[in-house]
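Residue numbers (this note's numbering): 18 to 377.
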């Protein structure tokens, strides 16, 4: 989430943080609630060679394990806390590759001392939770790794999320259950991660028999609501995509309202990691969509009015074709400020929008 700031200009805090090697792909970031800790993924990092594997043309091959680091603001600079996290060096038995994309998905608790890390594609497909041991100044894994129900889905851990208290986690597997996709939520019982309720499973759709539920997903801060994207859902228009909200009623996950659907064919609403978010009251959600007809991208915000999800304001569209507005979105705790990644002239930038009472 993001917080409202009474400022007129964005000022960079500290120096830029760079990857250590060629092809590290450092830059997938999750920021803490107080803004003083960032969790940064390095999805292509390969430490044993000192460099990611390159082909004859100098392009990154993707035969990597991935990594992640945690940085704290000390008042004047960003400093690393603990060592780098690295993916398991296992090789996929089918492909012969690693390509774990470890660090692609990540989350952080409210006190900044618990993190969740996902790594999907090839390799072990495991999701892990780590706690900071302040006495020994090291990160310690909490419990066993969360594994997919069936190995080889290549998407287990595409999305992960963690509650404010660090004791509940969400893990998505968009290509599980024959491409329908599924979401699982786990609670910590002081000794192990225990699944809460049944998994939430997507529907049969128009793409390889499934709608890929969980391509985007976010757990509410209190862990009692989930917002989920299903990019290939066609209940509205063909391949327009859908987003759903589920609430925990004490014994099962119950859908709140009807699905929110893409507005155009092939829009694949909620398609990408980070394309949905939910505020602290669990009554406002933001949804990003990059594949609309013009290719400029789109953001929509919805409020719950006790009976249905109602859009707040107009669509926020990108300026030109290829902007990909909504590729990654974030919502403030009060639901009145949103940010989005935007691709402009080959670069990714960020835009921030405030609600003024009648428009964004």
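Note that beta-carbon positions come from the ideal geometry of N, C-alpha and C, so glycine has one too.
| said: Can you tell me whether residue 221 is helix, strand or coil according to DSSP? | reply: Position 204 of the chain shown, counted from the first residue, corresponds to residue 221. Collapsing the DSSP output to three states places residue 221 in coil.
| Helix, strand or coil at residue 161 [DSSP, three-state] | For the purposes of this step, residue 161 is taken as residue 144 along the chain shown, with counting starting at 1. Coil at residue 161, not helix or strand.
| Candidates 299, 144 and 352: which alpha carbon is nearest residue 175's? | Counted from its first residue, the chain shown places residue 175 at position 158. By alpha-carbon distance to residue 175, the top candidate from 299, 144 and 352 is 144.
| field | Alpha carbon of residue 28 to alpha carbon of residue 337, nearest angstrom | value | Numbered from 1 along the chain shown, position 11 holds the residue referred to as residue 28. Numbered from 1 along the chain shown, position 320 holds the residue referred to as residue 337. Rounded to the nearest angstrom, the two C-alpha atoms are 26 Å apart.
| request: Can you grab the Cα-Cα spacing for the pair residue 315 / residue 194, in whole Å? | output: Taking the first residue of the chain shown as 1, we reach residue 315 at position 298. Taking the first residue of the chain shown as 1, we reach residue 194 at position 177. Roughly 30 Å between the two C-alpha positions.
| query | Is residue 139 helix, strand or coil by DSSP? | reply | Walking along the chain shown from the start, residue 139 turns up at place 122. With a pLDDT of 49 at residue 139, under the threshold of 50, the modelled position of this residue cannot be trusted; read the value that follows with caution. In the three-state reduction of the DSSP assignment, residue 139 falls in the coil class.
| said: Which residue wins for smallest C-alpha separation from residue 357, given the options 166, 312, 161 and 370? | reply: One-based indexing of the chain shown puts residue 357 at position 340. Distance check between residue 357 and each of 166, 312, 161 and 370 places 370 closest, using alpha-carbon atoms only.
| field | Between the CA atoms of residue 190 and residue 304 - distance to the nearest angstrom | value | Counting from 1 along the chain shown, the entry for residue 304 is found at position 287. Counting from 1 along the chain shown, the entry for residue 190 is found at position 173. Each residue's Cα considered, the two are about 19 Å apart.
| field | Endpoints, beta strand (DSSP E) assigned at residue 305 | value | Counting from one through the chain shown, the residue named residue 305 turns up at place 288. Bounds of the beta strand (DSSP E) holding residue 305 are 301-306.
| query | Using DSSP with H/G/I as helix, E/B as strand and the rest coil, what is residue 320? | reply | Counting from one through the chain shown, the residue named residue 320 turns up at place 303. Correct three-state label for residue 320: strand.
| Is it the case that the CB of residue 320 approaches a heavy atom of the ligand COA more closely than 6 Å? | Ligands in the displayed structure: none, and consequently the ligand COA is not present.
| task | In the DSSP assignment, find the beta strand (DSSP E) that holds residue 420 and state where it starts and stops. | result | Examination of residue 420 is not possible in this model, given that the chain is present from 18 through 377 alone.
| task | Would you be able to state if there are at least three C-beta pairs under 8 Å between the stretch 344-352 and the stretch 272-285? | result | No: fewer than three Cβ pairs fall under 8 Å.
| message | Spatial neighbours of residue 330 within its chain, please: C-beta separation below 6 Å, excluding the five flanking residues on both sides. | response | Numbered from 1 along the chain shown, position 313 holds the residue referred to as residue 330. Hits under 6 Å: 376 and 377.
| task | Within the same chain, show all residues whose beta-carbon is closer than 6 Å to that of residue 265, passing over the 5 residues directly before and after it, in chain order. | result | Start at 1 with the first residue of the chain shown, and residue 265 comes out as number 248. Excluding sequence neighbours, residue 265 sits near 241.
| query | What separation, rounded to the nearest whole angstrom, lies between the Cα atoms of residue 373 and residue 239? | reply | The sequence position of residue 373 within the chain shown is 356, counting from 1. The sequence position of residue 239 within the chain shown is 222, counting from 1. A direct Cα-Cα distance of roughly 27 Å separates residue 373 from residue 239.
| Inter-residue spacing [alpha-carbon to alpha-carbon] between residue 153 and residue 260 | What you label residue 153 is simply residue 136 of the chain shown in a count that begins at 1. What you label residue 260 is simply residue 243 of the chain shown in a count that begins at 1. Taking the straight line joining both Cα atoms gives about 43 Å.
| request: Please state whether DSSP places residue 242 in a helix, a strand or coil. | output: Locating residue 242 in the chain shown gives position 225, where the first residue counts as 1. Of the three classes helix, strand and coil, the one that applies to residue 242 here is strand, per DSSP.
| Where does residue 139 land, buried or exposed, given buried means 16+ other C-beta within 10 angstroms? | Here residue 139 is taken as the residue at index 122 of the chain shown, counted from 1. At residue 139, the pLDDT of 49 sits below 50, so the modelled position is not reliable and the matter cannot be decided from this model.
| task | Pull up the distance between the alpha-carbon of residue 60 and that of residue 206, whole angstroms please. | result | Counting from 1 along the chain shown, the entry for residue 60 is found at position 43. Counting from 1 along the chain shown, the entry for residue 206 is found at position 189. The alpha-carbon atoms of residue 60 and residue 206 are separated by roughly 31 Å.
| How would you write the range of the beta strand (DSSP E) that residue 190 sits in, first residue to last? | Here residue 190 refers to the residue found at position 173 of the chain shown. For residue 190, the enclosing beta strand (DSSP E) begins and ends at 185-190.
| task | Would you list the one or two residues that DSSP bridges to residue 95? | result | Numbered from its first residue, the chain shown carries residue 95 at position 78. DSSP output for residue 95 lists 90 as bridge partner(s).
| query | Taking the DSSP output, what are the residues bridged to residue 354? | reply | The sequence position of residue 354 within the chain shown is 337, counting from 1. The partner list for residue 354 (beta bridge, DSSP) reads 371.
| message | Could you tell me the alpha carbon to alpha carbon distance between residue 355 and residue 349, rounded to whole angstroms? | response | Position 338 of the chain shown, counted from the start, is the residue given in the question as residue 355. Position 332 of the chain shown, counted from the start, is the residue given in the question as residue 349. The C-alpha of residue 355 lies about 6 Å from the C-alpha of residue 349.
| So, is residue 296 buried or exposed, given that buried needs 16 or more other C-beta atoms within 10 angstroms? | Here the question's residue 296 lines up with position 279 in the chain shown. It is buried - the Cβ of residue 296 has at least 16 other Cβ atoms within 10 Å.
| field | Alpha carbon of residue 57 to alpha carbon of residue 86, nearest angstrom | value | For the purposes of this step, residue 57 is identified with residue 40 of the chain shown, where counting begins at 1. For the purposes of this step, residue 86 is identified with residue 69 of the chain shown, where counting begins at 1. Taking the straight line joining both Cα atoms gives about 5 Å.
| message | Rounded to the nearest angstrom, what separates residue 351 and residue 368 at their Cα positions? | response | Counting from 1 along the chain shown, the entry for residue 351 is found at position 334. Counting from 1 along the chain shown, the entry for residue 368 is found at position 351. Looking at the two C-alpha atoms, the distance is approximately 18 Å.
| Residue of 97, 263 and 325 minimising C-alpha distance to residue 187 | Walking along the chain shown from the start, residue 187 turns up at place 170. It is 263 whose Cα lies nearest to the Cα of residue 187.
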